[in-house]
Structure formats: structure tokens, C-alpha cells
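Enquirer: Under my numbering, the sequence shown has 4 at position 4, and the numbering climbs by one with no breaks. C-beta atoms are modelled at their ideal positions from N, C-alpha and C, and glycine is treated no differently. Before anything else, here's the structure in question.
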Amino acid sequence: MIEPFIGQDGRAFFAAAAFVFTLAAFAPYLRNVLAWRTRPQRASWFIWSVLSGVSFLGQLAEGASSSLVFAGAQWGGTVLVLLLSISRGVGGSLRGPDRLILLAALAGIVVWSMTKDATWALIISCSVSFLGGTATIAKARLDPGSETFSFWVLSFLAACCGMVSVGGWDPVLLLFPGHLALMYFCVVAVILLGRRGPAAPRPPAAGA
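Put into C-alpha cells, the structure is as follows:
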């Protein structure tokens with residue numbers, strides 16, 4: 001258990017740190033989207049918006065406390081990026097794999113409603129959330145300049161703080177920040193790899 005070492009004050013500190021890192025991450029990302037320097041992948045952000053909402057509500061149902069600060073901040077920031085991506089993002093309507101991802105998330109919600117157990121909703125949502133991020137990971141690898149690098153680094157730090165703010169080894173509550181930390185790490189890695197490779201043509205502008 002972590003809580004005996006950090007205590008309630010420690011959990012509150014890491015929850016606050018996760019919130020601050022999240023704000024620090026989304027601020028330049030939103031600014032760059034507005035300036036057309038960053039072009040979010042619409043399908044990924046739509047999927048993340050739905051699933052982060054499910055994860056937040058699932059954690060709330062599971063009795064989370066400090067870790068809800070991070071989950072709530074992520075949900076709010078993700079929805080904002082989604083709204084901006086409608087006019088400033090790349091990628092068209094949801095395709096076959098993306099629809100399957102959303103159907104899987106819906107299945108988690110149905111199981112949740114039938115069993116009254118939020119665990120399944122959290123497990124399914126976090127699993128398919130990572131799958132939904134593969135479109136952004138692929139885009140970042142081919143066109144690293146289309147992403148705000150600092151966003152992914154700061155988001156990774158926020159997710160790590162979010163994991164500590166859980167205050168113990170609760171696998172259900174650790175799922176949300178844990179899968180985000182892994183996904184953000186992957187995006188950081190592919191951006192760095194993409195910068196080392198030959199420049200790739202930027203994808204077509206809005207409406208593609």
C-alpha cells in the first residue's frame with residue numbers, strides 16, 4: 001500500500017499535482033489547435049471523450065476520492081479538444097475499427113447497468129481507450145510536427161501523479177491513470193522517433 005507512506009495529505013498533494021500538470025498540458029495544446037499548429041485526430045478524441053466520461057463515472061461509483069480530480073480534469077480537457085477538432089482536426093467520420101471500439105465501450109456500460117458493478121465499465125473503457133489512441137500514435141509517428149510535444153510529456157507526468165493519488169494498489173482505480181500513462185509514453189516515443197526520421201508530408205487540411 002502507498003497510503004501508509006504518503007497519507008491523506010500526500011494523496012491530496014499528488015491529486016493537486018495531477019490537476020496542475022493536466023492544466024499545464026492542455027493550455028498549450030488548445031492554444032496550438034486554435035493557431036492551426038496542432039491538428040488533433042478527430043476519431044481518437046471523440047473516443048477518448050466518451051471513454052474518459054465513462055471512466056470518471058466508473059471511478060465515482062467505485063468510491064474514488066483524490067484520484068477523481070485527475071479523471072475529471074482529463075474528461076473536461078478532452079471534451080474541449082474534441083470540440084475544437086471538429087473544425088481544426090484531421091480524420092473523417094468514424095470508420096469500422098473506431099465503431100467497434102465505441103461498441104465495446106457501450107457493452108461495458110450495458111454490463112455496468114445490468115450488474116451494478118462499475119469494474120467492468122472501467123476495464124472495458126480503459127482497454128478500448130488505448131485502442132482508440134492508436135490513430136493518434138500512428139499520426140504522431142508519420143507527422144510529429146502535427147502534435148504538441150509538451151502536451152504528451154506533461155500528460156504523462158499528470159497520469160503518474162494520478163496513479164499515486166489513488167493511495168494504494170487498487171487495480172480498478174489504477175486502470176484509468178495507468179493506461180493513460182502508457183498511452184502518453186507511446187505518443188512521446190513515436191514523436192521522438194518521427195523527428196529522427198525523414199520528414200513526412202502533412203495530412204490534408206480540415207475536412208479530410
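(1) What would DSSP say about I2, mapped onto helix, strand or coil?
(2) State the Cα-Cα distance for the pair G194 and S129, rounded to the nearest angstrom.
(3) For W36 and E147, what's the separation of their Cα atoms in angstroms?
(4) State buried or exposed for R11, treating a residue as buried only when at least 16 other CB atoms are found within 10 Å of its CB.
(5) What did DSSP end up calling V110 once you bin it into helix, strand or coil?
(6) If you compare alpha carbons, which of I191, I47, S65 and R42 is closest to L142?
(7) Considering only the beta carbon of each residue, do V187 and A140 sit closer than 8 Å?
(8) Pick out the complete alpha helix (DSSP H) segments inside the region 20–105, 4 residues or longer, and give them in chain order.
(9) Tell me the DSSP secondary structure of T148 in three-state form.
(10) Counting Cβ pairs, one atom from each stretch, are 3 or more of them under 8 Å apart for the region 162–171 and the region 41–53?
(11) Using only alpha-carbon positions, find the residue among E62, G145, T134 and A16 that is nearest to H179.
(12) Just curious, the alpha helix (DSSP H) that V166 is in, first and last residue?
(13) Could you check whether L23 and A71 sit closer than 8 Å to each other, using their CB atoms as the reference points?
(14) Flag this pair as touching only if the region 25–42 and the region 51–65 have three or more C-beta atom pairs under 8 Å; answer yes or no.
(15) With distances taken between CB atoms, is the gap from T78 to S52 smaller than 8 Å?
(16) In chain order, what residues of the same chain have a beta carbon less than 8 Å from the beta carbon of L80, not counting five sequence neighbours either side?
(17) Quick check on the burial criterion: 16 or more other C-beta atoms within 10 angstroms. Buried or exposed for R196?
(18) Please classify M183: is it buried, with 16 or more other beta-carbons within 10 angstroms of its beta-carbon, or exposed?
Expert: So, from the listed chains and residues:
(1) Below a pLDDT of 50, predicted positions are generally treated as unreliable, and I2, at 46, falls in that range; the measurement from the model is reported next regardless. Looking at I2 - three-state DSSP - the assignment turns out to be coil, as it is neither helix nor strand.
(2) 23 Å
(3) 11 Å
(4) buried
(5) helix
(6) I191
(7) yes
(8) 42–61 and 67–88
(9) coil
(10) no
(11) T134
(12) No alpha helix (DSSP H) contains V166, which DSSP labels as neither H nor E.
(13) no
(14) no
(15) yes
(16) F26 and L30
(17) exposed
(18) buried
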